[in-house]
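Asker: Have a look at the structure that comes next, please.
Number of protein chains: 2
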Amino acid sequence: MQNLSPLVQNFVLHFGEMGSRWGINRTVGQIYALLYVSDRPLNADEIAEALEFSRSNVSMGLKELESWRLTRLQHLPGDRREYFSAPEDVWAIFKTLAEERKKREVDPTLTMLRGAVIENTSTASDRYAQERMKAMHDLIELVSGWFTDVHKLDQETLVQLMKMGSKVQKLLELKGKLKVVTGGKRT
Amino acid sequence: MQNLSPLVQNFVLHFGEMGSRWGINRTVGQIYALLYVSDRPLNADEIAEALEFSRSNVSMGLKELESWRLTRLQHLPGDRREYFSAPEDVWAIFKTLAEERKKREVDPTLTMLRGAVIENTSTASDRYAQERMKAMHDLIELVSGWFTDVHKLDQETLVQLMKMGSKVQKLLELKGKLKVVTGGKRT
DNA sequence: CCGTAATTTCAGTAATTACTGAAAATTATG
DNA sequence: CATAATTTTCAGTAATTACTGAAATTACGG
Chain Y
0 MQNLSPLVQN
10 FVLHFGEMGS
20 RWGINRTVGQ
30 IYALLYVSDR
40 PLNADEIAEA
50 LEFSRSNVSM
60 GLKELESWRL
70 TRLQHLPGDR
80 REYFSAPEDV
90 WAIFKTLAEE
100 RKKREVDPTL
110 TMLRGAVIEN
120 TSTASDRYAQ
130 ERMKAMHDLI
140 ELVSGWFTDV
150 HKLDQETLVQ
160 LMKMGSKVQK
170 LLELKGKLKV
180 VTGGKRT
Chain U
0 MQNLSPLVQN
10 FVLHFGEMGS
20 RWGINRTVGQ
30 IYALLYVSDR
40 PLNADEIAEA
50 LEFSRSNVSM
60 GLKELESWRL
70 TRLQHLPGDR
80 REYFSAPEDV
90 WAIFKTLAEE
100 RKKREVDPTL
110 TMLRGAVIEN
120 TSTASDRYAQ
130 ERMKAMHDLI
140 ELVSGWFTDV
150 HKLDQETLVQ
160 LMKMGSKVQK
170 LLELKGKLKV
180 VTGGKRT
């Protein structure tokens, strides 16, 4: 790792730490970080050497990243090794990450909750539990549905929206007034 | 755990699994799940018995949940043990969780990136790395700033906004037109 | 298709994280 | 303020997860 500049080293180490806070392990976080800041695609040996872990560990880490759709694989002319890089567009990365987490964590939870809520219950405490699960289900569904929906917006619109922040409220109020004036009915 | 109804058991187990995918461990996830669906506050012994792990493990788990501000502590008249419950308002829970994750994961990352970006660089590859970090920084800052901002909205407005989904775009376009008509200049 | 380079798999081991029971600390109550 | 009930701490151990090196598999160039 001493062949990496202190700047990159620091970045890589931070991502290793962060990675282990999420499901992603340290190794995987570091590999991703390295690819992210690298100005050219790297092959597995280069990664192994730079981060000082075994070739096989790199192989597993890359497979993991691939399953998250966070790497791009390419070949260099006259070299039969595989070269890896991280997509450049940060928004695309962000969206990919969100989609994958949704698929792996949110959707199964929604399925479980939906099943639990329609179960027949015999006791009062089970009925209460179901109410709670329903509340959780509805919230998650609302948020994740919204997420899926705004994914469709183009980046520019999304940025505009985010920059507005809570000023969106004004817009919403305005919309309400317009409806009154024009007699419109749709949400 | 056989004293729990199958309904609750299933919910608790699911949260245990999910917990271990995030930083939160299985135990903590299960304790939280149990409290979440319980129709009355529980003391540590009850939790330990229901989930079949040691009293000390429960103690540590509760401390962890406390640090996430996900539990409420109360006392029952004539009982000197501490009773724990999960706040009822799912939106409040969601916000708390988001705030804590931001504080623990996002903010430190932003700090690191900000520091890295202003560092003096000597090589071209370090300069490229900085560009990448800048892009990441700006994205995270935008999203997390937006998040903080919409937190201020009342729940009703938030729900309204989410239900609109990508239809906000229409509103944004409308806003653009209005600006043209009225000659307004502000973002 | 053969030989070799590259990659993946996997059993064994190392490292980390989770969990327990006993003891210490804290807190409430008569 | 002494006692007992309750909670917390923590050292030791169990369980899990991460990592390695060797062997197997796959892919490529001739």
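Chains Y and U, in that order, give the protein sequences.
Take 0 as the starting number for the first sequence in numbering that gives the first Met the number 0 and just add one per residue.
Take 0 as the starting number for the second sequence in numbering that gives the first Met the number 0 and just add one per residue.
Backbone N, C-alpha and C fix where the C-beta goes; we use that ideal spot for every residue, glycine too.
1. Could you spell out where the beta strand (DSSP E) holding Leu72 (chain Y) opens and where it closes?
2. Between the C-alpha atoms of Lys151 (chain Y) and Val105 (chain Y), what's the straight-line distance to the nearest angstrom?
3. Find the residues of chain U that neighbour Asp148 (chain Y), judging by a C-beta separation of less than 7 Å, and give them in chain order.
4. Does Leu6 (chain Y) come out as helix, strand or coil in the three-state DSSP assignment?
5. Does the stretch 43 to 61 of chain Y come within contact of the stretch 91 to 103 of chain Y, defined as at least 3 CB pairs closer than 8 Å?
6. What's the gap between the Cα of Gln154 (chain Y) and the Cα of Met163 (chain Y)?
7. Between Phe93 (chain U) and chain Y, is the shortest Cβ-Cβ distance under 9 Å, so that the two count as touching?
8. Judging by CA-CA distance, which residue of U:His74, U:Thr26, U:Met161 and U:Leu6 is the nearest neighbour of Asn56 (chain U)?
9. For a contact defined as C-beta to C-beta under 7 Å, what are the partners of Ser189 (chain Y) on chain U?
10. Note down, in chain order, every chain U residue with its Cβ under 9 Å from the Cβ of Val158 (chain Y).
11. Can you give me the Cβ contacts of Val149 (chain U) inside the same chain, cut-off strictly under 7 Å, excluding the 5 residues immediately before and after it?
12. Using 8 Å for Cβ pairs, my map puts Asn42 (chain U) next to Tyr82 (chain U). What's the rounded Cβ distance?
13. Does Arg103 (chain U) get closer than 9 Å to chain Y when you measure Cβ to Cβ?
14. Tell me whether His13 (chain U) is buried or exposed, calling it buried when 16 or more other Cβ atoms sit within 10 Å of its Cβ.
15. When you compare the CB of Glu118 (chain Y) with every CB in chain U, is at least one pair closer than 9 Å?
16. What is the DSSP secondary structure of Thr186 (chain Y), counted as helix, strand or coil?
17. Ignoring anything shorter than 4 residues or poking outside the stretch 73 to 102 of chain U, list the alpha helix (DSSP H) runs there in chain order.
18. Would you mind telling me which residues of chain U sit closer than 8 Å to Thr108 (chain Y), beta carbon to beta carbon, in chain order?
19. What separation, rounded to the nearest whole angstrom, lies between the Cα atoms of Leu33 (chain U) and Gly15 (chain U)?
20. Any idea what DSSP makes of Leu152 (chain U), helix, strand or coil?
21. Taking Cβ positions only, does Trp145 (chain U) come closer than 9 Å to chain Y?
22. Applying the 10 Å Cβ sphere with the 16-neighbour rule, what's the burial state of Gln1 (chain U)?
23. So which residues of chain U does Val89 (chain Y) contact, with C-beta pairs closer than 7 Å?
24. Count the other C-beta atoms from every protein chain shown that fall within 10 angstroms of the C-beta of Gly18 (chain Y), then say buried if there are 16 or more, exposed otherwise.
Answerer: Straight from the coordinates:
1. Arg71 to His74
2. 19 Å
3. Gly164 and Ser165
4. helix
5. no
6. 14 Å
7. yes
8. U:Thr26
9. Since the first residue shown for chain Y is 0 and the last is 186, residue 189 (chain Y) is missing from the structure and cannot be characterised.
10. Leu141
11. Leu157
12. 5 Å
13. yes
14. buried
15. yes
16. Because Thr186 (chain Y) sits at a pLDDT of 45, beneath the cut-off of 50, its placement in the model cannot be relied upon, and the point is left open.
17. 89 to 100
18. His13 and Met17
19. 10 Å
20. coil
21. yes
22. exposed
23. Ala134, Met135 and Leu138
24. buried
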